[in-house]
Ligand SMILES: Cc1cc2nc3c(=O)[nH]c(=O)nc-3n(C[C@H](O)[C@H](O)[C@H](O)COP(=O)(O)OP(=O)(O)OC[C@H]3O[C@@H](n4cnc5c(N)ncnc54)[C@H](O)[C@@H]3O)c2cc1C
Ligand code: FES
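Numbering (the working numbering), first residue to last: 11 to 342.
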């Protein structure tokens, strides 16, 4: 039995399991996910999808349905592909077109812990005892009780869990921020919908740079915990900036993850002993980044993500894979 994460064009992810010898399309149909199909015979190409990780038997098809170049890039035909391991697959259609909606979980708050005067660690467990799976780095929509409105938050814990965890910065007069500051209590119900998003860790096969701004550290904790669990010893450099020292959170937890993980921290609004003053961009130069090519992940506020992108370009730091997540206000 292989676990397959189907990523739809609109960022929704649905996990399915395939039985031995089952194609991806058959496994999807069995649980009500309607991947677009026409011939179901490897002849039309309607079900073309892109394998992002894992291995599969491509099955039988004709060149008109899938060219050799496409196959070499990782494309396959869902009606023919038989997974040989767990896989992540991009479906070239929206979740709506495939009759999939992100799952809404009824949860109960299990912890609201102030990590600093501005950052809360929120934990919530799924009330019916089931688990949520996600790709490390993805996020969920959390509904602010009584408002009908949601805000987006990245998971900061290992996937496949009954108890989710988030790191949330409380901003003055924010809807979710006010709820968490003044109203939320352990035991209260929260509706959490997910997983969502294309910012998730691919296989770490080359030196990797992670840039985190503020609570943008959350998805990286999920990624690094997954990496540590898998015993992956790839070289990873984490550049983690916050406004003040108290907002550099979860450092002990991060330092315990991975022998080949180097952590650089900085604070922009105060000068303190344990962190470099300034922004994460201070380390973007060829004396710190000595590998020929990197995979790069950036997460945080819009301005920070843009500054890191620009600095990487200016300093000619080469990358093969490049992923960003901006914590823009979710608004209405
Ligand atoms: C994909 C994604 C993932 C995210 N993950 C996280 C996460 O893991 N942790 C986390 O803390 N946040 C995360 N965010 C941001 C989060 O969704 C909210 O925008 C934030 O928590 C503010 O929500 P609120 O309801 O408290 O404020 P709102 O009621 O939405 O905002 C109130 C006012 O404050 C302004 N505002 C909103 N955010 C900020 C800000 N950051 N700085 C200054 N002013 C602001 C708004 O424009 C508005 O005027 C993520 C956003 C996205 C899009
Ligand atoms: S549906 Fe025609 S090739 Fe798969």
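For each residue, glycine too, the CB sits at the ideal point set by N, CA and C. Owing to the predicted nature of the structure, the values given are computational and were not obtained by experimental measurement.
### Message
Checking 8 Å against the spacing of the C-beta atoms, do residue 107 and residue 46 come in under that value?
### Response
Walking along the chain shown from the start, residue 107 turns up at place 97. Walking along the chain shown from the start, residue 46 turns up at place 36. Judged by beta-carbon spacing, residue 46 lies within the 8 Å limit of residue 107, meaning their Cβ atoms are closer than that value.
### Query
Which residues mark the beginning and the end of the alpha helix (DSSP H) in which residue 62 is found?
The count along the chain shown starts at 1 and reaches residue 62 at position 52. Per DSSP, residue 62 lies in no alpha helix (DSSP H) segment; the continuous beta strand (DSSP E) that holds it begins and ends at 58-63.
### Task
Tell me whether residue 17 sits in a helix, a strand or coil according to DSSP, three-state version.
The sequence position of residue 17 within the chain shown is 7, counting from 1. Reduced to three states, the DSSP call for residue 17 is strand.
#### Entry: Opposing strand residues paired with residue 223 [DSSP bridges]
Here residue 223 refers to the residue found at position 213 when the chain shown is read from its first residue. Answer by DSSP bridge pairing, in chain order: 251.
### Member of 97, 133, 192, 278 whose CA lies at the smallest distance from the CA of residue 145
Indexing the chain shown from 1 puts residue 145 at position 135. The shortest C-alpha separation from residue 145 is found at 97.
### Task
Note down, in chain order, each residue of its chain lying with its Cβ closer than 6 Å to the Cβ of residue 219, except the 5 sequence neighbours on either side.
Sequence index remark: in the chain shown, residue 219 carries index 209 (1-based). Taken in chain order, the residues that qualify are 247, 304, 306.
### Message
What residue range does the beta strand (DSSP E) around residue 161 cover?
### Response
Taking the chain shown and counting its residues from 1, the one referred to as residue 161 is at position 151. In this chain, the beta strand (DSSP E) harbouring residue 161 covers 159-164.
#### Entry: C-beta contact flag for residue 256 and residue 179 at 8 Å
Position 246 of the chain shown, counting from 1, holds the residue named residue 256. Position 169 of the chain shown, counting from 1, holds the residue named residue 179. No. Outside cutoff.
### Task
Drop a sphere of 10 angstroms on the beta-carbon of residue 24, count the other beta-carbons inside from all chains shown, and report buried for 16 or more, exposed for fewer.
On the chain shown, position 14 is the one that residue 24 refers to. In the assembly as shown, residue 24 is a buried residue. Its beta-carbon has 16 or more other beta-carbons within 10 Å.
### Query
Counting along the chain, where does the beta strand (DSSP E) carrying residue 343 start and finish?
The chain is shown only over 11 to 342; residue 343 falls outside these bounds and no answer can be derived.
### Message
Is it the case that the region 170-179 contacts the region 140-160, given that we only count it when at least three CB pairs across the two stretches are under 8 Å?
### Response
Three or more Cβ pairs closer than 8 Å define a contact, and the region 140-160 meets that threshold against the region 170-179.
### Query
Are residue 118 and residue 134 closer than 8 Å when you measure CB to CB?
Here residue 118 refers to the residue found at position 108 when the chain shown is read from its first residue. Here residue 134 refers to the residue found at position 124 when the chain shown is read from its first residue. It is a contact, given that the beta carbons lie within the stated cut-off.
### Message
Taking a contact to mean a Cβ-Cβ separation below 8 Å, would you say residue 137 touches residue 116 in this structure?
### Response
As a working note, residue 137 is residue 127 in the chain shown. As a working note, residue 116 is residue 106 in the chain shown. Inclusion of residue 137 and residue 116 in the CB contact set at 8 Å is warranted, their separation being smaller than that value.
### Message
Would the region 314-324 count as touching the region 281-292 if we require 3 or more Cβ pairs under 8 Å?
### Response
In short, these stretches touch, since the Cβ pair count reaches three.
### Query
My guess is that residue 102 and residue 54 are in contact by the Cβ rule of under 8 Å, so how many angstroms apart are they, rounded?
Indexing the chain shown from 1 puts residue 102 at position 92. Indexing the chain shown from 1 puts residue 54 at position 44. Not a contact, Cβ separation roughly 14 Å.
### Query
Just to check, is the beta-carbon of residue 55 closer than 7 Å to a non-hydrogen atom of ligand 2?
Within the chain shown, numbered from 1, the residue matching residue 55 stands at position 45. Result yes, Cβ under 7 Å from ligand 2.
### Message
Are there any heavy atoms of ligand 2 lying less than 7 Å away from the beta-carbon of residue 48, as far as the coordinates show?
### Response
Position 38 of the chain shown, counted from the first residue, corresponds to residue 48. Within 7 Å of the C-beta of residue 48 there is at least one heavy atom belonging to ligand 2.
### Query
What are the boundary residues of the beta strand (DSSP E) that includes residue 262?
Translated into positions along the chain shown, residue 262 becomes position 252. Here residue 262 belongs to no beta strand (DSSP E); instead the alpha helix (DSSP H) covers 261-265.
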